[in-house]
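Read through the structure below, which is laid out as structure tokens, and then see the notes.
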Amino acid sequence: PHAERALSPADAETARENALVALDCSWESAGEKQFTLPGEHRALPYLVAGNPVNFGRPMRLTTVEAFAGALAILGEPDHAERVMAKFTWGETFLDLNEEPLRRYADCEDSSEIVAVQQEYLDRE
653 PHAERALSPA DAETARENAL VALDCSWESA GEKQFTLPGE HRALPYLVAG NPVNFGRPMR
713 LTTVEAFAGA LAILGEPDHA ERVMAKFTWG ETFLDLNEEP LRRYADCEDS SEIVAVQQEY
773 LDRE
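Under the working numbering, think of the first position of the sequence shown as 653, with each following residue one higher.
Below you can see the structure in the form of structure tokens.
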């Protein structure tokens, strides 16, 4: 939640060599806690929730949605599909975000991700 750069395909090699970590906590409590995880910290770009609690709401993802979104952006869409297949609403999340996930995965770096994200934010 406190990352200064957006996750991008440029981070794929680092994620493969080290790890991909998704924090399982609410944004409200994340602001109160100090996380001291080693490694590169990245923010997930604009995506829409497909879960039944926050369906259709931007940036209100479950941890598994965030994890699957990250996998797709990092060039692992099949892995993202396998992760989301365990949830009745998993395919919904992937369908809702098909276009942005594809566009993010086509970006070169964080700055391109932010530019694409801004297009979605401008529609809000």
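Ideal Cβ placement from N, Cα and C applies to all residues, glycine included.
In the displayed model, Val700 falls within a strand according to three-state DSSP. Per DSSP, Phe707 lies in no alpha helix (DSSP H) segment and is marked neither H nor E.
In this structure, the beta-carbon distance from Leu773 to Ala722 does not fall below 8 Å.
Sequence-distant partners of Val735 (beyond 5 residues in either direction) whose C-beta falls short of 6 Å from its own C-beta, in its chain, are Ala720.
In the DSSP assignment, Ala695 forms a beta bridge with Ala658.
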